[in-house]
Amino acid sequence: MNDINALWRQRFKENAKEIRRYGRYILNDHLKYILIFFILIGAYYYQQFLEGLPENFNGAPFIAIVVAFFLTRGTVYTFFKHGDLVFLLPMEKRLSSYIRNSFWLTYMIQFYILLIVVGVLAPLYLAMGNNTFKNVLFILLILTVVKGLNLFMTWAISRYPEKGIHVYSVVFRYILNALVSYFLFVDAHPLFWIATFFILLVLTVYFYSDTKKRPFYWEGLISLEEKRMMLFYRLANSFTDIPNVGDEPKRRRYLDVLVQFIPYKQKETYHHLYARTFLRAGGYLGLVIRLTFVGAFCLYFLPFTIGNIVTVLLFVYMTAIQLMPLWKHHHYKIWINLYPISETVKEATFLRFFFVILAGQAFALSVLLAVFHTPLAGILAFISSLIVFYLFTYQYVRAKMRKKH
20 MNDINALWRQ
30 RFKENAKEIR
40 RYGRYILNDH
50 LKYILIFFIL
60 IGAYYYQQFL
70 EGLPENFNGA
80 PFIAIVVAFF
90 LTRGTVYTFF
100 KHGDLVFLLP
110 MEKRLSSYIR
120 NSFWLTYMIQ
130 FYILLIVVGV
140 LAPLYLAMGN
150 NTFKNVLFIL
160 LILTVVKGLN
170 LFMTWAISRY
180 PEKGIHVYSV
190 VFRYILNALV
200 SYFLFVDAHP
210 LFWIATFFIL
220 LVLTVYFYSD
230 TKKRPFYWEG
240 LISLEEKRMM
250 LFYRLANSFT
260 DIPNVGDEPK
270 RRRYLDVLVQ
280 FIPYKQKETY
290 HHLYARTFLR
300 AGGYLGLVIR
310 LTFVGAFCLY
320 FLPFTIGNIV
330 TVLLFVYMTA
340 IQLMPLWKHH
350 HYKIWINLYP
360 ISETVKEATF
370 LRFFFVILAG
380 QAFALSVLLA
390 VFHTPLAGIL
400 AFISSLIVFY
410 LFTYQYVRAK
420 MRKKH
């Protein structure tokens, strides 16, 4: 028993160390300032939205949909590895304390996430009718128990190798979670949420009874852990270099038209490489598209010009910070060194390509700003972006590249 607990503590410490190691790159000063800005802006407009709500407003359906998502999601963090198929498989019956520790750790993390979600949605709930803070605490208590049942059922169902059961479980649990949440937030008769809660409880007991003698589905559990860590590594890879981490390259033949204008000359070798890497690998293209769409969404709702210009600069800045690893994307490939291209040409090519991407995104956001508000705001945003990110590219980024090199 002590050896099993020691193994769990060791795995937990290794995992926490890895997350701290790369987490500091994600939560750097750049991102902290951006997050603080958006939290302040979001809080301001959230308050404005609440003040403008009609007296008969019913936000319970929206709250239930959001809360149900966070109640349904989540799997037990087992920290299992490939080698466990050999070394822990024979000890499976002795792993009860190991799984118990993992369950409670996961439950605590998921509880804090749920607490934040309910805390964010609480002002909307309090703006509906005569609801009080005591109601919020009572609802949070019930939802905490519901979250525990969801997590327990998820662990029980993880023993099934059939994927269909997992899909049906997620769909059915989401529906039940949404109903429980809705009945609680709409202040329906207690029998409604109690009946729905009872169905969830019965299902949890049934799946636990049906699977407690089943062996672990080791391949599935290990795959879940690998996907969880790979998701974190891919996020961290947007801020720093992590060897052998990145999305699988996709051919995307339909995007070839975007690189046809690049001349086939020796000095343009890295231009071809960076352009095709941007379009096909690492999630760089998806990153730019996502941030552009989110930026456009924010521009649509922000009413004042200065805030819109700052928003354009911030979203292009977020793209710039996460696009910088493109410089080192092929750093661990030896054959790159065979190119008869000087480091000076390589550096100049990257900086030019980097600036063009940022200028393109700034242009797209500025055009949308001009459409949503005034042409003058769009022109000012674009000119400001060109000046700021030209200096950013050829001063800050170039200095960082030379320092790493």
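Going by this note's numbering, the sequence shown opens with residue 20, and the numbers climb by one from there.
Even glycine gets a Cβ: it sits at the ideal position worked out from N, Cα and C.
Just so it is clear, the structure is predicted and the values come from calculations on it, not from any experiment.
Cβ neighbours of residue i in the same chain (closer than 6 Å, five flanking residues each side left out)
| i | result |
| --- | --- |
| Val205 | Ala79 |
| Thr368 | Tyr289, His290 |
| Trp237 | Leu104 |
| Ala141 | Val155 |
| Leu388 | Leu318, Asn327, Ala396, Gly397, Ala400 |
| Thr125 | Val95, Tyr96 |
| Phe88 | none |
Within-8 Å CB hit, residue i to chain B
| i | result |
| --- | --- |
| Leu195 | In the displayed structure, chain B is absent; only one protein chain is listed. |
Between the CA atoms of residue j and residue i - distance to the nearest angstrom
| i | j | result |
| --- | --- | --- |
| Asn77 | Ala396 | 36 Å |
| Val390 | Thr330 | 15 Å |
| Thr151 | Arg92 | 28 Å |
| Phe99 | Glu244 | 7 Å |
| Pro180 | Phe217 | 27 Å |
| Glu70 | Leu145 | 12 Å |
| Val165 | Ala207 | 17 Å |
| Leu7 | Gly138 | The displayed coordinates of the chain run from 20 to 424. Any statement about residue 7 would go beyond what the structure contains. |
| Arg371 | Gly239 | 45 Å |
| Ser116 | Ser200 | 32 Å |
| Tyr96 | Leu162 | 21 Å |
| Ile128 | Thr338 | 29 Å |
| Arg253 | Ile325 | 34 Å |
| Gly314 | Gln341 | 15 Å |
| Leu54 | Gly61 | 10 Å |
| Gln29 | Leu133 | 27 Å |
| Phe316 | Ala381 | 15 Å |
Boundaries (first-last residue) of the alpha helix (DSSP H) holding residue i
| i | result |
| --- | --- |
| Trp13 | Because residue 13 is not part of the residues shown, which for the chain are 20 to 424, the question remains open. |
| Pro394 | 394-410 |
| Gln380 | 362-391 |
| Asp229 | 209-230 |
| Gln129 | 115-145 |
| Leu195 | 182-204 |
| Ala294 | 288-299 |
| Phe89 | 79-91 |
| Tyr319 | 303-320 |
Close Cβ partners of residue i (< 8 Å) along its chain, the five nearest in sequence each way excluded
| i | result |
| --- | --- |
| Tyr409 | Phe374 |
| Glu376 | Sequence inspection shows Ile at residue 376; the Glu mentioned does not correspond to that position. Around Ile376: Phe297, Val307, Thr338, Leu342. |
| Ile360 | Gln285, Lys286, Thr288, Tyr289 |
| Phe130 | Thr163, Lys166 |
Member of the options whose CA lies at the smallest distance from the CA of residue i
| i | options | result |
| --- | --- | --- |
| Lys51 | Leu399, Lys419, Leu333, Arg233 | Leu333 |
| Leu90 | Asn169, Asn24, Phe191 | Asn169 |
| Gly102 | Glu362, Leu292, Ser242, Leu304 | Ser242 |
| Glu37 | Phe157, Met248, Phe202 | Met248 |
| Pro73 | Leu143, Phe106, Thr94 | Leu143 |
| Arg192 | Lys419, Ala418, Gly167 | Gly167 |
| Leu107 | Ser188, Pro209, Pro234, Leu195 | Pro234 |
| Arg421 | Trp346, Leu220, Phe171, Asp22 | Trp346 |
| Phe211 | Ser403, Ser385, Leu198 | Leu198 |
| Leu195 | Ser177, Leu159, Ala214 | Ala214 |
Chain-order list of residues whose beta-carbon lies under 7 Å from that of residue i (same chain, five-residue window excluded)
| i | result |
| --- | --- |
| Ala175 | Phe226, Tyr227, Thr230 |
| Lys286 | Val364 |
| Val407 | Leu332 |
| Pro394 | none |
> Does the count of Cβ pairs from the segment 339-355 and the segment 316-323 closer than 8 Å reach three?
Replying inline: no
> Using 8 Å as the threshold, is the segment 58-71 in touch with the segment 173-187, meaning 3 or more CB pairs across them?
Replying inline: no
> Do the segment 121-128 and the segment 220-230 touch if we need at least three Cβ pairs shorter than 8 Å?
Replying inline: no
> Are the segment 26-34 and the segment 296-311 touching, with three or more C-beta to C-beta distances below 8 Å?
Replying inline: no
>> With three or more beta-carbon pairs closer than 8 Å as the criterion, would you say the segment 37-45 touches the segment 101-112?
In response: no
>> Check whether the segment 83-90 and the segment 143-157 touch, using three or more Cβ-Cβ pairs below 8 Å as the test.
In response: no
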